[in-house]
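Asks:
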Ligand SMILES: Cc1cc2nc3c(=O)[nH]c(=O)nc-3n(C[C@H](O)[C@H](O)[C@H](O)COP(=O)(O)OP(=O)(O)OC[C@H]3O[C@@H](n4cnc5c(N)ncnc54)[C@H](O)[C@@H]3O)c2cc1C
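In the working numbering, the protein residues as written are -3 to 406.
1) DSSP beta-bridge partners for residue 232?
2) Quick one: measure Cβ to Cβ for residue 355 and residue 207, integer angstroms, because I've assumed they're closer than 8 Å.
3) How many Å lie between residue 140 and residue 382 at the Cα?
4) Determine whether the Cβ of residue 195 lies closer than 7 Å to any Cβ atom of chain C.
5) Based on Cα-Cα distance, which residue from 135, 46 and 67 lies nearest to residue 94?
6) Where are the beta strand (DSSP E) runs, 3 residues long or more, that stay fully inside the segment 290 to 350, in chain order?
7) Which term fits residue 169, buried or exposed, when burial requires 16 or more other beta carbons within 10 angstroms of its beta carbon?
8) Should residue 167 be counted as a contact of ligand 1 given a C-beta to heavy atom distance under 6 Å?
9) Determine, using beta carbons only, whether residue 161 and residue 342 come nearer to each other than 7 Å.
10) Restricting to Cα atoms, I'd like to know which of 225, 271, 314 and 402 is closest to residue 336.
11) Nearest by alpha-carbon distance to residue 387: which of 129, 360, 347 and 369 is it?
12) Taking only three categories from DSSP, how would you classify residue 389?
13) Find out if the Cβ-Cβ distance for the pair residue 130, residue 7 is shorter than 7 Å.
14) Which residues does DSSP pair with residue 76 in a beta bridge?
15) Please work out which residues of its chain come closer than 6 Å, Cβ to Cβ, to residue 319, disregarding the five sequence neighbours upstream and downstream, and give them in chain order.
16) Just to confirm, are residue 44 and residue 307 a CB contact at a threshold of 7 Å?
17) When the distance is taken between beta carbons, is residue 202 closer than 7 Å to residue 69?
18) Relative to ligand 1, is the shortest distance from any of its heavy atoms to the C-beta of residue 344 smaller than 6 Å?
19) Where do the N-terminal and C-terminal ends of the beta strand (DSSP E) with residue 215 fall, by residue?
20) Only counting the same chain, and skipping five residues up and downstream in sequence, which positions put a Cβ closer than 6 Å to that of residue 187?
21) Look at residue 125 and residue 30 and say whether their C-beta atoms are less than 7 Å apart.
22) Note down the Cα distance separating residue 155 from residue 255, rounded to an integer number of angstroms.
23) Below 8 Å, can you find three or more Cβ-Cβ pairs linking the segment 177 to 195 to the segment 309 to 316?
24) Is any non-hydrogen atom of ligand 1 found closer than 6 Å to the C-beta of residue 11, if you look at the structure I gave you?
25) Under a Cβ-count criterion, where at least 16 other Cβ atoms within 10 Å of its own Cβ denotes burial, should residue -3 be classed as buried or exposed?
26) Report the rounded CA-to-CA distance for residue 278 versus residue 177, giving the unit in angstroms.
27) With distances taken between CB atoms, is the gap from residue 283 to residue 135 smaller than 7 Å?
28) Secondary structure at residue 87, three-state DSSP: helix, strand or coil?
29) When the Cα atoms are used, what is the spatial distance from residue 363 to residue 262?
30) Quick one, which of 253, 211 and 142 has its alpha-carbon nearest residue 190's?
31) Taking all protein chains shown into account, decide if residue 303 is buried (16 or more other Cβ within 10 angstroms of its Cβ) or exposed.
32) Using the three-state DSSP reduction, which class does residue 127 fall into: helix, strand or coil?
33) Rounded to whole angstroms, what is the Cα-Cα separation between residue 110 and residue 265?
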């Protein structure tokens, strides 16, 4: 078969797969996307979208639409929970000469997915097939084929390339035999969502990180169904705690009250428990198969970098696939995709998300004093604060990837 006439296949209709479909589809390429869910997922995971990612979503006003349905958050804070001290505050306004988006946008990932799906509905060259599970992947030098279980049974689909955007347990990655090295945190992460207004009642901004020797907490606001919005609190839950206890009414009240005591019980509108990993695929390319998003890398959510990395993968990869399929560029640029995005995952996202967690959970008084003192000093020095923000907003890592060349320097 002539692979160039076949569609690009995408396994996974989470935000990364959908974005790939849109970035390819809007350039006129044929795309067929499969997702095993009957409809788009609605679970409350990612919200924070960093400046480096917003820059990539500027096409067709997507970043602006996300800000419209989400919240604009220029500031984030670090607090010492035992003393109640505001240790450091960072304002993205310091990046006003570095990016046209000197803020993060808090937009829940299901809303981002919905904004992309609306755009896909206008592209006749893109097929989005929910209720379709990719079960097998094979490839030759000329094409890639997937077996897909759908409502009408199992069918084969041939494509020019396959993007595995099928999440952390990726079938595509496993079918290609790509190792996913790293580790799993022993504690789980519990997300408790409440309408309690942490800004009005306690003076916390839309993204607040709390250090505590007994635990840690991220507390951030999402717009939900519109004003006044909801607050999500994320805590560690010990490996030894039974899930039924963690998730019980008494368990969730005890956890949130122990951190933020209140005379009234908290109204909890969602409770979700996640096992969290730090892993990166050995390669993001095997022949005509490319990995993007959580199928390629997973990390803890402190700092909000997982989906941001996935969106950056999608933008990088789709640009290169379009060059190959529309401008006859060499497919060697897909090796560059793998090297660029793997370097970002390993050198920045893994390193920083682990450091973020360790900073908040440190127990020894000297380590705590050192960590918090360092944050205080960085925030007080505008030049150091700018460097800190360039890194946390993922602009530094994007620059690092852009500087990589096709042939690695010897
Ligand atoms: C509590 C929490 C908070 C987070 N907060 C942030 C944040 O603020 N910022 C951030 O950047 N990241 C955050 N993340 C990470 C973020 O949620 C993930 O990185 C993101 O969901 C990855 O998107 P994805 O499209 O790659 O994968 P997924 O969202 O997992 O989507 C994969 C899709 O593929 C489908 N699928 C799976 N297998 C198959 C198959 N065989 N065939 C067809 N379809 C298949 C799945 O059903 C799913 O729809 C957070 C994560 C958690 C747990």
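Glycine residues also receive a C-beta, built at the ideal position from the N, C-alpha and C atoms.
As the structure is a prediction and not an experimental result, all values here were calculated from the model.
Replies: This is what the structure gives:
1) 185
2) Taking a contact as a CB-CB distance under 8 Å, the pair residue 355 and residue 207 counts as one, their CB atoms being some 7 Å apart.
3) Their Cα atoms are separated by approximately 45 Å.
4) The structure shown contains no chain C, having only a single protein chain.
5) For residue 94, the closest C-alpha among the options 135, 46 and 67 is that of 46.
6) none
7) buried
8) yes
9) no
10) Of the candidates 225, 271, 314 and 402, the one whose C-alpha sits nearest the C-alpha of residue 336 is 402.
11) 347
12) Residue state, collapsed to three classes: coil.
13) yes
14) Secondary-structure assignment with DSSP links residue 76 through a beta bridge to 81 and 207.
15) 325
16) Going by C-beta atoms, residue 44 is not nearer than 7 Å to residue 307.
17) yes
18) no
19) Residues 212 to 218.
20) 228, 230 and 268
21) yes
22) 52 Å
23) no
24) yes
25) In this prediction, residue -3 scores a pLDDT of 46, lower than 50, which makes its location untrustworthy; the coordinate-derived value is nonetheless stated afterwards. With fewer than 16 other Cβ atoms within 10 Å, it is exposed.
26) If I take the Cα positions, the gap works out to 7 Å.
27) yes
28) strand
29) 32 Å
30) If we check each option's Cα against that of residue 190, 253 comes out closest.
31) buried
32) Residue state, collapsed to three classes: coil.
33) 22 Å
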